[in-house]
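In what follows, a structure is listed as structure tokens, so that the remarks can point back to it.
In the numbering used here, the protein residues as written are 222 to 330.
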């Protein structure tokens, strides 16, 4: 089973887009259950607010042609904070790899 980052970077390489796409997590930490560092949990509201601050600063500085939220957490968080269009694609985790690839191919050509 491939990890999300492997899927994302593999698709960007396949599309020859790895040098024209900037990736940044809206939650750049790894939220996990207390005492279980290898687990995953959804980010808290505080974690989302802290993370999106930096994402918005980067978006403002770079002024990209498109902003793509990978996953619903990123989509909801960015749409609340940005006054520009945010495209959504399915997160590649938990069986979403094919829909992620399809969505990104549509956006990136």
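All C-beta atoms, glycine included, are put in the ideal place defined by N, C-alpha and C. If you're wondering where the values come from, they're calculated on a predicted model, not measured in any experiment.
Check, Outcome
"Please identify the residue among 311, 253, 258 and 251 whose C-alpha is closest to the C-alpha of residue 291.", "311"
"Should residue 269 go down as buried or exposed, given a rule of 16 or more other Cβ atoms within 10 Å for buried?", "buried"
"For residue 263, count the other beta carbons within 10 Å of its own beta carbon; 16 or more makes it buried, fewer makes it exposed. Which is it?", "exposed"
"Could you give the DSSP three-state label for residue 290: helix, strand or coil?", "strand"
"Identify, in the order they occur along the chain, each residue of the same chain with its Cβ nearer than 6 Å to the Cβ of residue 276, setting aside the five sequence neighbours on each side.", "245 and 247"
"Among the candidates 252, 289 and 286, whose CA atom is the shortest distance from the CA of residue 271?", "252"
"Could you please give the first and the last residue of the uninterrupted alpha helix (DSSP H) stretch that includes residue 230?", "225-235"
"Which of helix, strand or coil does DSSP assign to residue 257?", "strand"
"Go ahead and label residue 280 buried or exposed: buried means 16 or more other beta carbons lie within 10 angstroms of its beta carbon, across all protein chains shown.", "buried"
"Count the other C-beta atoms from every protein chain shown that fall within 10 angstroms of the C-beta of residue 318, then say buried if there are 16 or more, exposed otherwise.", "buried"
"Rounded to whole angstroms, what is the Cα-Cα separation between residue 232 and residue 327?", "12 Å"
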